[in-house]
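Inspection log for the structure reproduced underneath, given as structure tokens.
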DNA sequence: CGAATTGATGTAATCGATTACAAGTCAGCA
DNA sequence: TGCTGACTTGTAATCGATTACATCAATTCG
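Chains as they are written, first to last, in this note's numbering: chain A, 1 to 365; chain B, 366 to 730.
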């Protein structure tokens with residue numbers, strides 16, 4: 001190894017090498033590694049010994065060519081990073097490996113074209129596909145390319161006819177946290193939504209509206225401002241909301257990153273949280289609990305999102321292999337309310353100690 | 366599609382189907398898709414038309430079986446999440462795809478055994494391998510299994526003889542931030558290190574010691590406490606440090622997650638940052654800039670770490686394919702000092718506005 | 001004792017591509 | 001007209017496995 005890569009490649013042992021060394025046919029070697037039919041104990045042990053000595057392991061490409069099973073799942077993700085991303089990936093990965101499957105990942109897709117080209121080149125490499133659909137036309141776009149490949153969509157933006165899916169209870173989550181604000185006495189509650197046309201954003205806004213309707217809060221378009229899920233857009237949105245008269249007493253922000261911007265805007269203009277205005281977010285990113293005051297938000301279990309997607313996908317893959325019919329399902333993961341300090345308490349006092357009470361340790365890297 | 370998966374599988378078109386439909390041989394179809402030799406324009410177009418109509422794309426398994434190239438890179442990662450993880454993955458992914466390569470990811474490895482078994486089953490699936498080595502024995506463990514597969518280690522804990530590597534300038538980074546503290550007037554500086562035996566941790570501690578030595582600060586083992594890179598361990602370590610007499614005037618924490626715990630401990634005991642004690646971290650996680658006060662730390666470019674690893678790996682893969690000899694390299698990525706409020710300023714005043722000055726917007730998901 | 005059964009193993013087709021080599025067509029030229 | 005060479009295209013071997021089927025030896029049983 002010390003001489004770099006100039007040496008002739010010590011080509012990996014194949015099934016033939018093992019067969020020759022062990023004095024048996026390739027069929028027997030194959031049988032030992034697949035224990036389909038019975039091989040005598042002696043022969044099996046001899047083959048296994050030779051295989052170990054030669055560091056032999058069946059070539060995956062050859063194997064999947066003949067069996068047309070790859071034991072690999074494709075994963076298509078939009079360009080994103082941070083905790084949401086890594087949580088989902090972990091859920092996918094852990095679940096896949098627990099079942100002996102690999103993950104062929106292609107993330108960072110800007111648009112549908114890139115996604116389709118990645119998908120196309122996965123042909124023959126995967127048994128199933130998990131797609132986090134970045135935009136509305138994605139499901140339709142991939143349909144032609146998956147043919148007989150099972151697909152599960154994560155948090156589908158563009159509806160999910162024709163595919164299984166796992167998504168987040170956006171409507172219920174928003175409804176829940178806005179109801180929480182109303183229980184605290186707020187009636188004039190603004191919202192900063194995600195980008196128009198984004199289904200998550202729309203569902204969260206609908207949840208917000210419904211909660212207001214039920215609780216008799218102020219329903220008005222001037223209280224709804226669209227951001228784009230980024231911190232700066234939250235900052236800008238809050239600046240606009242502060243010009244309202246009368247000013248809202250609470251803001252439900254469509255995701256935590258925008259809430260970061262909202263808090264910054266408030267800090268800059270000297271508006272106190274939660275005394276002057278209550279702030280609530282969505283997603284429960286790690287930073288949420290370290291803000292001053294810590295952010296009340298809806299927790300989304302990203303790991304579970306990934307895990308369920310793979311669980312479901314493997315179920316479909318197996319059923320398909322056995323020719324068993326299977327119904328399509330659409331799972332919705334609940335979000336849970338995490339109360340911290342940014343919304344105050346019902347007795348009017350800010351709940352500053354929540355930062356500690358609600359602290360959940362995270363792993364380092 | 367509406368009837369679920371009960372229908373007979375509409376098997377994907379193969380090269381034979383295209384050949385038959387286009388009235389040519391499979392060799393010609395193959396040539397069109399690989400433009401090795403010249404095919405007449407008419408024939409090529411005809412083939413391409415048929416291929417499009419049949420949604421044909423070469424089967425990757427078959428192709429890589431005969432060419433022994435997979436256009437896929439294996440990625441082995443330890444069990445971790447958060448930004449560090451997703452940053453590295455993005456760097457790997459973007460760079461790989463830019464070069465027409467896929468990523469076969471297997472993360473969340475608890476130990477060397479799991480890692481080796483994942484590695485083994487990648488046989489025949491990958492052209493090269495990126496490994497983030499979780500512990501000291503990993504490089505030795507994988508050596509037997511990679512044979513002629515090129516490998517690049519990311520941030521190798523266990524040294525890197527025999528492999529190319531890309532790592533972080535831990536020593537220099539720690540040296541740099543501790544020197545910053547000394548420039549601010551601190552002489553009695555404690556440190557919370559990562560787990561003993563972890564090379565990152567050791568390098569950072571060495572950088573801390575060297576900076577103290579050069580600047581004439583207090584060098585004492587009582588000022589060094591080992592954590593395990595998690596938030597709770599930082600909390601515990603700070604509690605211990607506060608019992609010291611005289612108390613240190615500054616703490617260099619081995620990573621930001623532990624710094625979170627340190628800050629929490631300080632907040633609980635009423636010790637003010639940076640007035641009573643200065644705190645510095647390492648990694649620059651997103652939360653760092655949202656703390657009160659915002660955390661001074663060393664920024665590590667995780668994306669670049671992944672990107673360089675893949676760049677290097679592809680270089681080796683290409684060189685190997687062409688039989689060109691190539692030297693092993695060990696790249697070290699610099700970390701950069703990010704000054705925020707947690708260390709105060711040289712004139713003694715805390716720099717509370719740094720939170721805003723130093724704000725860098727992040728993408729939402 | 002010979003036929004039938006059982007168990008272990010080998011032979012060869014197969015998966016879907018790539019590619020060396022062979023072969024065929026056609027134009028140009030003596 | 002016949003030969004040469006340039007292009008284009010086809011034939012068939014090959015990659016490394018799996019697996020249906022054949023084969024062969026040993027055992028069982030009427």
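Glycine residues also receive a C-beta, built at the ideal position from the N, C-alpha and C atoms.
{"Check": "Members of the segment 172-192 of chain A near chain B, C-beta cut-off 9 Å", "Outcome": "none"}
{"Check": "Extent of the continuous beta strand (DSSP E) to which residue 471 of chain B belongs", "Outcome": "467-474"}
{"Check": "Residues bridged to residue 705 of chain B (per DSSP)", "Outcome": "Partner(s): none; residue 705 of chain B has no beta bridge."}
{"Check": "Cβ of residue 710 of chain B within 9 Å of any chain A Cβ", "Outcome": "no"}
{"Check": "Other residues of its chain near residue 484 of chain B: CB distance less than 7 Å, five sequence neighbours each side excluded", "Outcome": "441, 507 and 510"}
{"Check": "Nearest-angstrom beta carbon gap, residue 664 of chain B and residue 641 of chain B [assumed within contact, 8 Å]", "Outcome": "That pair is no contact at about 26 Å."}
{"Check": "Residues of its chain near residue 105 of chain A, where Cβ-Cβ distance is below 6 Å and the 5 sequence neighbours each way are ignored", "Outcome": "75"}
{"Check": "Residues near residue 13 of chain A by beta carbon distance below 6 Å, same chain, minus five either side", "Outcome": "54 and 56"}
{"Check": "Cβ pair count under 8 Å reaching 3, the segment 675-693 of chain B against the segment 551-565 of chain B", "Outcome": "no"}
{"Check": "Beta-carbon spacing of residue 115 of chain A, residue 152 of chain A below 9 Å", "Outcome": "no"}
{"Check": "Ranges of the beta strand (DSSP E) found wholly within the segment 535-573 of chain B, counting only runs of at least 3", "Outcome": "554-558"}
{"Check": "Minimum Cβ-Cβ distance from residue 202 of chain A to chain B less than 9 Å", "Outcome": "no"}
{"Check": "Residue 475 of chain B classed as buried or exposed, judged by whether at least 16 other C-beta atoms fall within 10 angstroms", "Outcome": "exposed"}
{"Check": "Buried versus exposed, by CB contacts within 10 Å (16 or more), residue 658 of chain B", "Outcome": "buried"}
{"Check": "Outcome for residue 34 of chain A when other beta-carbon atoms lying within 10 angstroms are tallied against a minimum of 16", "Outcome": "exposed"}
{"Check": "Beta-carbon proximity list for residue 227 of chain A, same chain, < 6 Å, skipping 5 on both sides", "Outcome": "192, 233, 234, 237 and 258"}
{"Check": "Below-9 Å beta-carbon distance, residue 148 of chain A vs any chain B residue", "Outcome": "yes"}
{"Check": "Residue closest to residue 670 of chain B, alpha-carbon to alpha-carbon, out of B:450, B:394 and B:467", "Outcome": "B:450"}
{"Check": "Distance CB(residue 569 of chain B)-CB(residue 538 of chain B) smaller than 9 Å", "Outcome": "yes"}
{"Check": "Cβ neighbours of residue 263 of chain A in the same chain (closer than 7 Å, five flanking residues each side left out)", "Outcome": "273, 279 and 291"}
{"Check": "Three-state class that DSSP yields for residue 252 of chain A in the structure shown", "Outcome": "strand"}
{"Check": "Boundaries of the beta strand (DSSP E) in which residue 168 of chain A is found, first to last residue", "Outcome": "164-168"}
{"Check": "Selection of the segment 413-428 of chain B by Cβ proximity to chain A, strictly under 7 Å", "Outcome": "420, 422, 424, 425, 426 and 427"}
{"Check": "Exposed unless 16 or more other CB atoms sit within 10 angstroms - verdict on residue 139 of chain A", "Outcome": "buried"}
{"Check": "Outcome for residue 565 of chain B when other beta-carbon atoms lying within 10 angstroms are tallied against a minimum of 16", "Outcome": "buried"}
{"Check": "Residues near residue 429 of chain B by beta carbon distance below 6 Å, same chain, minus five either side", "Outcome": "435"}
{"Check": "Beta strand (DSSP E) runs wholly inside the segment 586-660 of chain B, at least 3 long, in chain order", "Outcome": "589-591, 615-618 and 643-645"}
{"Check": "Residue nearest to residue 698 of chain B in terms of C-alpha spacing, selected from B:672, B:408 and B:682", "Outcome": "B:672"}
{"Check": "Opening and closing residue of the beta strand (DSSP E) in which residue 39 of chain A lies", "Outcome": "No beta strand (DSSP E) holds residue 39 of chain A; DSSP gives it neither H nor E."}
{"Check": "Opposing strand residues paired with residue 366 of chain A [DSSP bridges]", "Outcome": "Given a span of 1 to 365 for chain A in the structure shown, any question on residue 366 of chain A remains unanswerable."}
{"Check": "Span separating the alpha-carbon of residue 324 of chain A from that of residue 502 of chain B", "Outcome": "46 Å"}
{"Check": "Cβ neighbour criterion (16 or more within 10 Å) applied to residue 681 of chain B", "Outcome": "buried"}
{"Check": "Cβ of residue 260 of chain A within 9 Å of any chain B Cβ", "Outcome": "yes"}
{"Check": "Residues of its chain near residue 408 of chain B, where Cβ-Cβ distance is below 7 Å and the 5 sequence neighbours each way are ignored", "Outcome": "389 and 393"}
{"Check": "Classification of residue 703 of chain B by the beta-carbon crowding that lies within 10 angstroms, buried from 16 upward", "Outcome": "buried"}
{"Check": "Residues of the segment 271-293 of chain A with Cβ closer than 7 Å to any Cβ of chain B, in chain order", "Outcome": "286, 287, 290, 291 and 292"}
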